[in-house]
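At position 55 of the sequence shown the residue is numbered 55 (full-length UniProt numbering), and the sequence of numbers has no breaks.
Using N, Cα and C, we set each Cβ at its ideal position, and we do this for glycine too.
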Amino acid sequence: MLTFDFLDARHGDCFLVRWDAERDGQGPEGGHDPGNGRGPDGERVMLVDGGPSPVYRASLQGRLHRLTGPDGDRARPGGQDRDGDPPAHDPPRDGLPPHLDVVCLSHVDDDHAGGLVRLFRDMRQAQHDGEALPYDVDALWFNSVEELVDRHVPGLSASVHPLLEHAAASEAAVTASYNQGRDIRDAAVALRLDGNAPFGGPLTEGAEATLHDLDVTVVAPDEGALAELAEKWHEARRRGDPEVISAAYADDSVPNLSSIVLLLRHADGTALLTGDARGDHVLAGLRALDLLDDAAPFHVDLLKLPHHGSERNVEPDFFERIRADHYVISADGVRHHHPGEDTLRWLVESRAPEDEYVVHLTNHIPFAEEALAELRADRAFEVEVRGPADQALVITMGDRP
């Protein structure tokens with residue numbers, strides 16, 4: 001089983017990846033797994049991004065607490081309800097908290113990081129109060145922007161920090177991203193989370209790991225994107241002007257350059273999770289890994305569209321080169337005009353009229369649904385929208401489009 005729970009993340013991203021693992025007692029690198037209430041065939045869980053801050057209380061917190069059954073065991077495939085959701089339970093009698101094998105932050109931007117800041121604050125508050133932690137988290141996957149730029153110019157981040165602190169007084173975008181990244185990094189240290197385990201360093205193009213039967217390949221960021229990122233910081237130091245970075249934060253170029261793109265491969269399916277990365281960076285990463293050539297498009301079962309379907313991040317050839325059975329757009333159409341109508345048109349026009357696939361929307365977005373309805377004329381694809389009463393849009397690999 002490989003299942004994705006896309007929550008109502010408003011204008012951001014927040015979703016769970018759940019999968020079966022059959023190797024008894026194996027950790028991420030084949031080491032012993034102490035169990036934590038799991039059987040040898042237990043379900044594993046990865047949380048990717050947390051949406052903007054309000055998403056944690058509104059939907060993520062409740063969804064996480066549905067991962068634990070009445071005996072402390074996490075939900076099994078056989079115990080799902082008819083919608084594929086983990087069944088709702090009362091709090092576990094033995095007090096075991098929901099277990100997350102990995103929390104992955106694709107990049108530091110409020111619509112991805114805000115909810116995770118709240119989650120880790122709850123954990124640190126419980127730690128401070130001497131109470132049981134509300135979640136059992138094994139590892140945090142997160143690329144600190146400072147760590148990334150220091151890979152190219154050692155010590156660069158420390159020399160730019162005073163400029164950023166000065167800019168923070170007037171630049172809300174810098175304040176939010178800089179402080180959220182710092183909060184998450186500090187929380188990982190305080191909670192003794194395995195940082196980027198089992199990768200052993202920043203998640204960059206070509207890094208690979210196997211996490212309980214789930215093969216993970218990092219497609220981006222690549223060295224070119226990191227060099228561009230470092231140049232922004234280097235220019236700020238050279239000019240003594242924090243506006244160089246704050247302007248880049250404002251148009252999303254700095255955080256998006258560092259966005260982690262993951263290719264997940266499991267016995268039951270594949271998925272490409274693109275964060276807010278640029279489409280050309282995703283394609284370049286696939287080519288560098290010999291996963292994409294001119295002979296045929298690269299196919300995955302599920303593609304999460306970059307940057308909530310913004311036409312600023314993709315061009316028509318992105319969809320010509322990558323095909324999927326399930327296309328997921330995490331957006332609400334309110335804060336930004338996402339997804340773009342051009343993006344939807346490029347997606348549909350890249351496929352033959354007889355192709356069967358599903359375009360999934362995490363929220364009711366009238367202009368997007370109207371555009372898709374027009375594009376569906378004489379075509380075989382379907383559209384699925386998360387219902388307002390549904391906690392998550394659930395997609396299980398193997399379900400026919």
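- In the DSSP assignment, F318 falls within the unbroken alpha helix (DSSP H) covering 316–321.
- The criterion of a C-beta distance shorter than 9 Å is not satisfied by E374 and V358.
- With respect to E369, T343 sits apart: the two C-beta atoms are not nearer than 9 Å.
- In the displayed model, V334 falls within coil according to three-state DSSP, outside both helix and strand.
- Per DSSP, R386 lies in no beta strand (DSSP E) segment and is marked neither H nor E.
- The three-state reading of DSSP puts L214 in strand, counting E and B together.
- The C-beta distance from H11 to R335 rounds to 4 Å, short enough to fall under 8 Å.
- Cβ-Cβ separation between R379 and P353: approximately 5 Å, consistent with a contact (criterion under 8 Å).
- In this structure the region 229–237 does not lie against the region 261–273, because fewer than three pairs of beta carbons, one per stretch, are closer than 8 Å.
- A straight-line Cα-Cα distance of about 23 Å links G51 and L229.
- For V394, the enclosing beta strand (DSSP E) begins and ends at 392–396.
- Taking a contact to require three or more Cβ pairs closer than 8 Å, the region 113–120 and the region 260–269 do not qualify as touching.
- The three-state secondary structure of Y357, taken from DSSP, is coil.
- By DSSP's assignment, D20 forms a beta bridge with E43.
- Within the same chain, L344, V359, V383 come within 7 Å of L372 by CB-CB distance, once the 5 residues on both sides are set aside.
- The region 41–48 and the region 102–109 touch, with no fewer than 3 CB-CB distances between them shorter than 8 Å.
- By the Cβ criterion, the region 296–307 is in contact with the region 325–332, since at least three pairs of Cβ atoms, one from each stretch, lie closer than 8 Å.
- Excluding residues up to 5 positions away in sequence, L292, F318, R321 lie with their Cβ nearer than 7 Å to the Cβ of L283 in the same chain.
- Looking at G240, D294, A225, A288, the one whose alpha-carbon comes closest to that of I260 is A225.
- Annotated as proximal: L289 and V219, with beta-carbon spacing under 9 Å.
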